[in-house]
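Numbering (our numbering), first residue to last: 37 to 281. Note that CB positions come from ideal geometry on N, CA and C, so glycine has one too. In what follows, a structure is listed as structure tokens, so that the remarks can point back to it.
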């Protein structure tokens, strides 16, 4: 079962106006959020839900998913109680927001897979993913976050990973991508780029471009020295889950 390793303090201010020192343990996220059909809402309730998701997407893009839920409610123009009725936990809101944003990730993979030149498709994909990370703090966390296997986000991410694997095999068969490269190496690249962005976004916001270019060059065919063994993908998923612990 995939888990997320972050814990955020939450002030539980609902209809009663009381506050507790509750903690939302995203370590238990797999038990909180699963893929489930959203019941059909009244028009006004659907409008409130859309406003909340729009506000969350904008705030997450600027600051990541640690934004207080009360601030999301204010930006959406709804009461905190309304937000909690639609999204009882921070994990519920993050999952719903990412379900809408995951299309930006999957569309980039589809474009790369459709490119007539496999190497150019792969190269463009690396830059697209790094640029998505650079422009959206929430999406940066999406690309380096483990979700429960039953969630829509994880299912669509898994589909995109399989497409990436197909693209990489094609580029290797074309003699353009180094033969010992694996999908795990792309995951490590995204983890590393997230670290670069975290350290440089305020003072050198374009530093990621040089880093991505260096990585793409390292991924090209005809390496002079073989790579060490690639870490298994499951080990990387566990590493992602441990971030922030």
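Own chain, CB closer than 8 Å to residue i, minus 5 neighbours either side, in chain order
i: residue 268; result: 220
i: residue 100; result: 173, 174, 176 and 177
i: residue 237; result: 170
i: residue 241; result: 170
i: residue 151; result: 157 and 160
i: residue 93; result: 133, 136, 137 and 174
Inter-residue CB distance, residue i and residue j (contact presumed, cutoff 8 Å)
i: residue 155; j: residue 112; result: Wrong, their Cβ atoms sit about 44 Å apart, outside the cutoff.
i: residue 136; j: residue 89; result: 6 Å
i: residue 216; j: residue 250; result: Contact flag wrong, Cβ pair sits at about 18 Å.
i: residue 95; j: residue 107; result: 7 Å
i: residue 254; j: residue 203; result: Wrong, their Cβ atoms sit about 17 Å apart, outside the cutoff.
i: residue 131; j: residue 187; result: 6 Å
i: residue 119; j: residue 165; result: Incorrect: roughly 31 Å between the Cβ atoms, too far for contact.
i: residue 189; j: residue 134; result: 5 Å
Nearest residue (CA-CA) to residue i, options the options
i: residue 168; options: 192, 244, 153 and 158; result: 244
i: residue 191; options: 80, 153 and 142; result: 142
i: residue 248; options: 259, 232 and 237; result: 232
i: residue 196; options: 250, 96, 81 and 138; result: 138
i: residue 211; options: 114, 133 and 256; result: 256
i: residue 84; options: 102, 109 and 97; result: 109
i: residue 283; options: 235, 234 and 258; result: There is no way to answer for residue 283, as the model of the chain reaches only from 37 to 281.
i: residue 82; options: 98, 121 and 152; result: 121
i: residue 234; options: 78, 98 and 80; result: 98
i: residue 209; options: 246, 153 and 239; result: 153
i: residue 193; options: 140, 239 and 261; result: 140
Neighbourhood of residue i by C-beta, 7 Å cutoff - its chain only, sequence neighbours within 5 removed
i: residue 252; result: 159 and 162
i: residue 200; result: 145, 219 and 222
i: residue 270; result: none
i: residue 87; result: 112, 113 and 114
i: residue 103; result: 95 and 96
i: residue 91; result: 108, 111 and 112
Per DSSP, the bridge partner or partners of residue i
i: residue 256; result: 213
Same chain, Cβ closer than 6 Å to residue i, neighbours up to 5 away in sequence not counted
i: residue 123; result: 129
i: residue 228; result: none
i: residue 266; result: 218 and 220
i: residue 80; result: none
i: residue 261; result: none
**Study point:** Inside the stretch 90-168 only - alpha helix (DSSP H) runs reaching at least 4 residues
**Key:** 105-112, 116-122 and 126-150
message: Please give me, in chain order, every unbroken run of the beta strand (DSSP E) with length at least 3 that falls completely inside the stretch 169-219.
response: none
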